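Peer 1: Numbering-wise (the working numbering), the sequence shown opens with residue 11 and increments by one.
Questions regarding the structure given below will be posed in turn.
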Amino acid sequence: MSLVQQFLKQAWFIENDEPQYVQNTKTGSAVKACPSFNASTDAAALDKAITVKGVDEATIIEILTKRTNAQRQQIKAAYQQLKGKPLEDDLKKALKSHLEDVVVALLKTPAQFDAEELRYSMKGLGTDEDILVEILSSRSNAEIRAANRAYQEIYKRDLAKDIASDTSGDFQKVLLALARGDRDENPHVNDELADNDARAMYDAGERKKGTDVNALSLSGYSLSVPHLSSSSRARCVHIACLMDFHMQWVRL
């Protein structure tokens with residue numbers, strides 16, 4: 011799936027399923043906070059589940075999947091205080107294969123998870139463009155800035171520099187623009203401006219051979235998803251034109 015197709019997908023979610031989409035994006039899940047939550051109690055229960063003969067995987071799963079990320083961070087701190095070592099380390103020793111991967115991932119903060127996924131997408135030969143697009147096009151500005159900080163803290167590397175070294179062309183420019191975390195988040199769309207942008211896209215792109223890049227540098231919306239959604243619905247604009255537009259409309 012191309013970059014702009016991802017933007018269109020995100021725009022569809024925002025418009026058609028906003029409550030659930032916003033909840034999932036901001037919290038990482040639809041899990042509600044446990045009303046009787048006690049970090050120390052959960053930490054002790056996890057310690058027992060880890061050390062019992064055969065490992066009580068059911069209890070580990072029950073606790074960690076029914077707590078919010080914020081509650082899991084409190085459990086990690088309580089376990090560290092109880093045992094004097096990280097919960098992740100003991101879980102890695104006790105669990106195997108995919109269950110280990112999933113459980114350990116649950117203990118990461120959203121920013122840590124994003125940072126590690128971004129690094130994974132650019133590590134080694136080739137680049138997993140789908141991961142880059144999925145994260146950078148769906149996170150809020152605050153989440154992207156947090157991922158940048160986590161990336162620096164974990165890997166001692168600059169996210170933007172790694173993106174620049176692993177990608178090229180217009181795709182690189184769009185990703186770098188998103189990675190700055192200063193995308194327009196205004197939920198309100200100027201319908202007149204969106205319609206004007208749609209007409210300009212058509213005139214500068216699909217209507218003639220080649221593409222008028224200057225004409226496509228239209229406004230300061232900086233890849234706003236609601237604006238993109240509105241423009242894409244405007245009459246006389248084709249998806250092919252929209253994709254060409256956004257791969258060249260980057261204000262750096």
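Each residue gets a CB set at the ideal place from its N, CA and C atoms; glycine is no exception.
None of these values were measured; they are calculated from a predicted model.
With burial defined as no fewer than 16 other Cβ atoms inside 10 Å of the residue's Cβ, what is the status of Val-62: buried or exposed?
Peer 2: exposed
Peer 1: Run through DSSP, which three-state label would Asn-158 get?
Peer 2: helix
Peer 1: Taking Cβ to Cβ, would you say Ile-70 is nearer than 8 Å to Val-113?
Peer 2: yes
Peer 1: Run through the region 106–191 for me and flag every whole alpha helix (DSSP H) of 4 or more residues, listed as ranges in chain order.
Peer 2: 107–116, 120–132, 139–148, 151–165, 169–176 and 179–189
Peer 1: Assuming Leu-116 contacts Ala-53 under a Cβ cut-off of 8 Å, what Cβ separation, rounded to an integer in Å, is found between them?
Peer 2: So it is not a contact: roughly 15 Å between Cβ atoms.
Peer 1: On the CB-based measure, 16 or more other CB atoms within 10 Å of its CB, does Ile-173 come out buried or exposed?
Peer 2: Per the 10 Å Cβ criterion, buried.
Peer 1: How big is the Cα-Cα spacing for Ala-49 and Leu-203?
Peer 2: 51 Å
Peer 1: Apart from the five residues on each side of it in sequence, which residues of its chain come closer than 6 Å, Cβ to Cβ, to Arg-77?
Peer 2: Excluding sequence neighbours, Arg-77 sits near Cys-44.
Peer 1: With C-beta atoms as the reference, is Leu-169 less than 8 Å away from Asn-158?
Peer 2: yes
Peer 1: Rounded to whole angstroms, what is the Cα-Cα separation between Ile-85 and Leu-185?
Peer 2: 35 Å
Peer 1: Please classify Ala-68 as buried or exposed, where buried requires at least 16 neighbouring CB atoms within 10 angstroms.
Peer 2: exposed
Peer 1: What do you reckon, are the CB atoms on Ala-87 and Ala-121 nearer than 8 Å?
Peer 2: no
Peer 1: Could you check if Glu-163 is buried or exposed, using at least 16 other CB atoms within 10 Å of its CB as the buried criterion?
Peer 2: exposed
Peer 1: May I have the straight-line CA-CA distance separating Ile-60 from Phe-47, to the nearest angstrom?
Peer 2: 20 Å
Peer 1: Name the residue from Lys-118, Tyr-130 and Asp-194 whose alpha carbon lies nearest to the alpha carbon of Ser-147.
Peer 2: Asp-194
Peer 1: Which word fits Asp-124, buried or exposed, when buried means at least 16 other C-beta atoms lie within 10 angstroms of its C-beta?
Peer 2: Label assigned to Asp-124: buried.
Peer 1: In whole angstroms, give me the CA-to-CA distance for Ile-145 and Lys-103.
Peer 2: One C-alpha to the other measures close to 30 Å.
Peer 1: Quick one: what's got a C-beta closer than 7 Å to Leu-74's C-beta in the same chain, skipping five residues either side?
Peer 2: Arg-82, Val-113 and Leu-116
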